[in-house]
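One structure is given here, and the rest of the page talks about it.
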Amino acid sequence: MTSWTRVPVAVSAEVGLATAALLVVVSTVPAAPLSTLALALVGAAASATGASLHPVGPPARLVRDVLAGAAAALALGILLVVPIDPLAVAAWGLGALATSASVPALLGVAVVAQVATVAGAGAWSADEPRRATAAQLRAGNGVVVEVDTHAFLLQQAVTILRNDGRVAEADFLSSADPAAPYARNADGSPTTHRESYLWRAQLGSVDADGKNKASQMPDHFFNWWTHSGKGTISGPSAATWAEEQFAEAVQAWRHGDRSTAMYHLGAAAHLVDDACAPPHASPFVPNHRAYEEWVVPRQAEHAVTSGGIYRTDFRLHTGHGGDEWSSSHTRGWVDECAHRAAGLQINTAHPPPGDPADAADYESTIAHFEETQRLTAGYLDFFFEQMGAFR
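Under my numbering, the residue at position 142 of the sequence shown is numbered 184, and the numbers go up by one with no gaps.
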């Protein structure tokens with residue numbers, strides 16, 4: 043027969059596990075963050091009650107506090123709409139079994155967990171300050187295509203648009219941005235013409251991994267199945283922030299501010315392209331940085347010059363998740379990229395330190411990179427189509 047002193051803990055464990063199961067189910071529904079938070083708090087409260095009725099010694103209390111901190115981090119992450127580390131989600135079920143009432147421990151672990159989760163990885167490659175020389179950065183006014191895959195993708199997108207007959211769009215992107223600085227020669231000396239709107243979009247892409255990342259788009263991951271980011275089963279994703287950046291671009295364009303529009307469009311394209319990078323499906327995919335480093339020296343060799351993938355080429359009326367995931371929405375472009383990249387996640391284990399293990403892996407990896415260039419061109423065209431421009 044179960045002793046009275048163990049009943050509260052047993053009940054608490056049952057409530058905690060049941061709530062954890064409900065949490066997983068509800069968190070897969072994109073529009074239910076408050077419901078998820080409520081479930082997390084209910085489970086934590088129930089577990090705290092049970093734990094308080096069954097005192098434990100110092101070692102067990104320490105373990106309990108740490109697990110409780112993970113549970114608190116999960117609830118805090120959902121409440122503040124910041125990325126939630128998958129480890130915090132996994133630990134929540136355990137934390138719900140024996141949540142501590144130790145407020146300092148809860149807050150301390152929660153803060154550490156949240157700081158760790160907000161600092162995400164980059165995408166493809168956009169780390170010019172680390173790769174490029176000072177002379178290159180100066181000559182490119184902060185954009186160095188040779189070491190920045192995102193800038194390269196945008197550059198090739200313009201070429202693809204032109205060769206696909208979308209000449210007006212390509213001409214606009216290649217034209218001078220009146221608000222831009224003067225372009226520079228290779229030696230850093232200024233020319234007599236301004237940088238282009240393409241440069242402005244590339245700068246927006248650079249800043250998406252730089253000064254604007256933490257404040258405007260902290261999560262660059264996107265899971266093709268759950269539609270979540272770093273949280274894997276819950277929380278915002280690259281699609282969340284891509285749609286915000288796209289909306290900023292739309293607003294600026296409608297107000298006649300072409301420069302700002304291209305800046306935000308470049309940031310949105312960065313996030314769409316991130317979803318095309320296989321390691322961005324989950325923080326658990328191996329060799330994230332090594333995979334991106336493998337692509338950089340090969341990107342010029344595999345440049346695509348035509349054959350863009352446009353809105354009418356995929357998900358015309360619906361997508362994985364419903365109509366709002368069609369090619370008529372930015373999130374549909376993100377998800378399309380993620381689905382195309384999903385089958386290549388295993389290849390991320392092959393490139394470092396050399397090429398993929400066999401010819402088939404190499405060819406599929408390169409073919410996907412070429413598709414990414416075509417999708418980038420299509421996404422830029424999608425924006426101009428939405429604006430009714432150059433039609």
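All C-beta atoms, glycine included, are put in the ideal place defined by N, C-alpha and C.
- For ALA384, the enclosing alpha helix (DSSP H) stretches over residues 372 to 384.
- By the 16-neighbour rule on beta-carbons within 10 angstroms, ARG382 is buried.
- Bridge partners of SER238 according to DSSP: ALA218.
- By the CB criterion at 8 Å, ALA291 and ALA303 fall inside the cutoff.
- In the DSSP assignment, the residues bridged to TYR224 are ARG236.
- One alpha carbon belongs to THR191, the other to GLY364, and they sit about 31 Å apart.
- The residue among ALA419, TRP241, GLU335 and HIS306 with its C-alpha nearest the C-alpha of ALA319 is GLU335.
- Per DSSP, reduced to three states, the secondary structure at GLY430 is coil, with no helix or strand assignment.
- Between the stretch 291 to 300 and the stretch 257 to 276 there are fewer than three C-beta pairs closer than 8 Å, too few to call the two in contact.
- The three-state secondary structure of GLY308, taken from DSSP, is helix.
- LEU422 is the residue among LEU422, ARG331, SER231 and ALA384 whose C-alpha sits nearest the C-alpha of HIS371.
- In the DSSP annotation of this structure, the continuous segment of the alpha helix (DSSP H) that includes ARG204 starts and ends at 191 to 205.
- DSSP, read as helix, strand or coil, puts GLY364 in strand.
- With fewer than 16 other CB atoms across the displayed protein chains lying within 10 angstroms of its CB, ARG296 is exposed.
- Under the Cβ criterion (8 Å, minimum of three pairs), the stretch 193 to 204 counts as touching the stretch 406 to 418.
- Excluding residues up to 5 positions away in sequence, SER238 and TYR239 lie with their Cβ nearer than 7 Å to the Cβ of SER217 in the same chain.
- Shortest Cα-Cα distance from VAL337 to any of VAL189, TYR224, GLY207 and HIS235 involves VAL189.
- In this structure, the straight-line span from the alpha carbon of TYR305 to that of ALA250 is close to 10 Å.
- Take the alpha-carbon of LEU313 and the one of GLU366: they are about 18 Å apart.
- Less than 8 Å divides the Cβ of GLY374 from the Cβ of ARG357.
- Shown here, PHE356 sits in coil according to DSSP, grouped into three states, outside any helix or strand.
- Under the three-state reduction of DSSP output, PRO260 falls in the coil class, being neither helix nor strand.
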